[in-house]
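Here's the structure we're looking at; comments come further down.
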Amino acid sequence: MTFKRWMRSAGGTALLCAVGLAHVAPPAAADSIRDRQWALSAFDADAIEKVSTGRGVTVAVIDTGVDGTHPDLVGNVLPGRDLLKGSGRADRETENSHGTAMASLIAGHGHGPGGGSGVKGLAPGAKILPLLVNTQDGLRVGTGKGESPVSQAIRYAVDHGATVINLSLGDTFKITDLDEAVQYARKKDAVIVAAAGNDGVAEPNYPASLPGVISVGAVDSSGKIWEKSNYGSNNMLAAPGVDIPGAGRDHGYRSGTGTSDATAYVSAAAALLRSKFPNLTAGQIVNRLVKTAQLPDDLKGTNLPDKHYGYGFIRPFSALTEDIPAGSQNGPLPAPPRLHRFPLARPMPPPTGVRLRPMSSGVSSVS
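Sequence positions in the sequence shown follow mature numbering (1 follows the signal peptide of the UniProt record, and there is no 0) and run -24 to -1, 1 to 343.
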């Protein structure tokens, strides 16, 4: 049985994440992109859209910026902010299409008659708040005084209405101020989703390994965990992350593999739930994702969370429609500790030192 059929017979859907996609020129490529979005059919996105589209929810994409002029994203991208410069918009991505690809998997609406061409996201009614912290060379962390760009972005996101935060980036290096920024967002009741990493090792990746963050692994179209998806006790969920088309530079498209896109799909699922259940806390939203997640048949009976799959691959339709008690306020997440507000961040000096990486691998072209 194929992964798609297994997911449907199990009463839900699962997804894969695409990262590191290579540019393909429109319009010919755009006409075939939708057919290649196997994750949407596996999820039964048409059925999901009748229940929720993510309308009314803002998802922060902390990444390389987003091209809000891409035909598949027009109208769904807010101006955002460039946290590397400390000012300016982040909705005109030109250097790296990673953030645009992530945004398209979350809130792409396609284009053309009935939106039938190009990339469609799992939550096409959601809005994207782009926050630029990353460049072609990787996320610049800096070593000077003041809060790091990614920590500033997390705080900015929740202070400007984002209730879901997508972090398709990370590294084994832990930024000193990152934990406080994450807990600040938790106190503001945000769902925070991050990539487990693309090294295929049991090594903590940050911010995915921080308490309160949903660490996401990637699976392929058979439902098997991707061989380079990081694993460990902190993994919570899995989603499609192999051979996933996304929006690219110059209004084109790209396709690739990695935990970045799996992360984007989990963020989109969280947006669907936040729209359908606006009175649930972030922990209760995550609870619905966890309670409806499923492992492959050959792993049933495994002690949870599994080090590779966590509680399993997400099934958004089941999470939206099953009768699941709200549960405790924090759900499966630890309660956020009491933290003092980080002093007002000063602009970072010229960035140097460690750089976090977009969680991308296996770049390939779409034709």
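Just so it is clear, CB atoms sit at the ideal spot from N, CA and C, and this is done for glycine as well.
Residue burial classification, residue i (beta-carbon count within 10 angstroms, cutoff 16)
i, result
"residue 149", "exposed"
"residue 206", "buried"
"residue 106", "buried"
"residue 45", "exposed"
"residue 76", "buried"
"residue 280", "exposed"
"residue 334", "buried"
"residue 362", "What the structure shows of the chain is the stretch from -24 to 343, and residue 362 is not part of that stretch, so it cannot be assessed."
"residue 221", "buried"
"residue 94", "buried"
"residue 70", "exposed"
"residue 43", "buried"
"residue 80", "buried"
"residue 404", "This structure does not reach residue 404, given that the chain is present from -24 up to 343, and the question cannot be answered."
"residue 311", "exposed"
Distance between beta carbons of residue j and residue i, contact taken as under 8 Å
i, j, result
"residue 34", "residue 138", "5 Å"
"residue 167", "residue 261", "6 Å"
"residue 404", "residue 151", "The structure shown does not extend to residue 404, since the chain is modelled only from -24 to 343, so the question has no answer here."
"residue 223", "residue 49", "6 Å"
"residue 307", "residue 259", "3 Å"
"residue 241", "residue 98", "6 Å"
"residue 92", "residue 101", "Actually they are not in contact, since the Cβ atoms of residue 92 and residue 101 sit about 17 Å apart, beyond 8 Å."
"residue 20", "residue 293", "6 Å"
"residue 247", "residue 30", "4 Å"
Nearest-angstrom Cα separation, counted from residue j out to residue i
i, j, result
"residue 8", "residue 264", "33 Å"
"residue 276", "residue 196", "18 Å"
"residue 4", "residue 18", "At residue 4, the pLDDT of 38 sits below 50, so the modelled position is not reliable and the matter cannot be decided from this model."
"residue 11", "residue 237", "17 Å"
"residue 66", "residue 36", "11 Å"
"residue 225", "residue 72", "7 Å"
"residue 127", "residue 41", "16 Å"
"residue 165", "residue 309", "11 Å"
"residue 302", "residue 140", "18 Å"
"residue 235", "residue 313", "28 Å"
"residue 269", "residue 199", "12 Å"
"residue 158", "residue 286", "21 Å"
"residue 214", "residue 122", "34 Å"
"residue 129", "residue 180", "22 Å"
"residue 216", "residue 194", "5 Å"
"residue 14", "residue 57", "32 Å"
"residue 173", "residue 272", "21 Å"
"residue 134", "residue 161", "6 Å"
"residue 186", "residue 61", "26 Å"
"residue 249", "residue 38", "20 Å"
"residue 278", "residue 132", "39 Å"
"residue 32", "residue 243", "14 Å"
"residue 232", "residue 78", "12 Å"
"residue 219", "residue 24", "22 Å"
"residue 344", "residue 304", "There is simply no residue 344 to check, as the chain begins at -24 and stops at 343 in what is shown."
"residue 59", "residue 136", "14 Å"
"residue 274", "residue 63", "51 Å"
"residue 239", "residue 298", "23 Å"
"residue 203", "residue 74", "21 Å"
"residue 22", "residue 245", "14 Å"
"residue 47", "residue 291", "28 Å"
"residue 163", "residue 68", "31 Å"
"residue 175", "residue 201", "13 Å"
"residue 282", "residue 227", "39 Å"
Residue j beta carbon less than 9 Å from that of residue i
i, j, result
"residue 296", "residue 27", "yes"
"residue 183", "residue 177", "no"
"residue 54", "residue 104", "yes"
"residue 110", "residue 145", "yes"
"residue 300", "residue 267", "yes"
"residue 84", "residue 96", "yes"
"residue 211", "residue 284", "yes"
Complete runs of the beta strand (DSSP E) confined to the stretch 5 to 38 [at least 3 residues]
none
Restricting to runs no shorter than 3 residues, where is the beta strand (DSSP E) found entirely within the stretch 64 to 127?
85 to 87, 93 to 96, 103 to 108, 114 to 116
Which residue spans inside the stretch 219 to 293 form an unbroken alpha helix (DSSP H) run of at least 4?
235 to 252, 258 to 268
Would you mind listing the beta strand (DSSP E) stretches within the stretch 132 to 165 that are 3+ residues and don't spill past its ends, in chain order?
140 to 143
Within the stretch 178 to 222, note down every full beta strand (DSSP E) run reaching 3 residues or more, in order along the chain.
190 to 195, 211 to 216
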